[in-house]
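Asker:
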Amino acid sequence: MVILLEGDTSVLERLRKPDNSATLLRNTNLFTTAVRAKAEGAYYASHLIHCTAKGVLVRSKSEVIVADTLTRLGISYDYEKRLLGKSGHPNDFRLPDFTISYEGDTFYWEHLGMLSVPSYREQWERKKAWYEKNGYLDRLITSEDGHDGSINSTTIEKVARERILG
Numbered sequence: 000m001v002i003l004l005e006g007d008t009s010v011l012e013r014l015r016k017p018d019n020s021a022t023l024l025r026n027t028n029l030f031t032t033a034v035r036a037k038a039e040g041a042y043y044a045s046h047l048i049h050c051t052a053k054g055v056l057v058r059s060k061s062e063v064i065v066a067d068t069l070t071r072l073g074i075s076y077d078y079e080k081r082l083l084g085k086s087g088h089p090n091d092f093r094l095p096d097f098t099i100s101y102e103g104d105t106f107y108w109e110h111l112g113m114l115s116v117p118s119y120r121e122q123w124e125r126k127k128a129w130y131e132k133n134g135y136l137d138r139l140i141t142s143e144d145g146h147d148g149s150i151n152s153t154t155i156e157k158v159a160r161e162r163i164l165g
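Mapping the sequence shown onto numbering that gives the first Met the number 0, position 26 (from 1) lands on 25, and the numbers just tick up by one.
Shown next, in the form of structure tokens:
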């Protein structure tokens, strides 16, 4: 489906989240005889299956570690909150993994989970260029998975303490 929309897309962004979907709670499929597995709680789309300590659904286990570290340190955040570009145009925006507010300062944290995949790396380079072009680079915090998919929660905490808590 293609939706042509002129103007503010924030309503669609909010409604696209799996936890706002009535369809995902249904136990039917018109095209296959699949039935969702019985499980406690609601069923969510496969790309947002990891739950943080605050109950926020995120895309990866690494993002759970970042989110839970921020929570443990008393740092508030929003997950994938819209960040507008300098132009102010409603379609010129990005969704940082975490938008962090701490003592009047705002930071944007991107966790880079698959830099060893060329298409992911290229997408990240474009996103980083957007941050720079729009004057957000000095408030950007990044963390990375290892090349083998590993993550070090001690490193995540160190980055949070140095960049946010000072």
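Heads up, the beta-carbon is just placed ideally off N, CA and C, and yes, glycines get one too.
Just so you know, these numbers come straight off a predicted model, no measurement behind them.
Could you please give the first and the last residue of the uninterrupted beta strand (DSSP E) stretch that includes Tyr101?
Answerer: Phe97 to Tyr101
Asker: To test your reading of the DSSP string, which unbroken alpha helix (DSSP H) runs of 4 or more residues are found completely within the segment 105 to 132?
Answerer: 117 to 132
Asker: Candidates Tyr130, Glu62 and His146: which alpha carbon is nearest Ile155's?
Answerer: The shortest Cα separation from Ile155 among Tyr130, Glu62 and His146 belongs to Glu62.
Asker: Residue range of the beta strand (DSSP E) that Ile140 falls in?
Answerer: Leu139 to Glu143
Asker: By the three-class DSSP mapping on this structure, what secondary structure does Asp67 have?
Answerer: helix
Asker: Quick one, are the C-beta atoms of Gly134 and Ser59 less than 8 Å apart?
Answerer: Against a cut-off of 8 Å, the Cβ pair of Ser59 and Gly134 comes out as no contact.
Asker: Just confirm the distance between the C-beta atoms of Ile64 and Ile163, as a whole number of angstroms; I'd bet it's less than 8 Å.
Answerer: About 16 Å; that fails the 8 Å criterion.
Asker: Keeping to the same chain, check which residues put their C-beta closer than 7 Å to that of Val57; ignore five residues upstream and five downstream.
Answerer: Leu47, His49, Thr51, Val63, Ala66 and Tyr78
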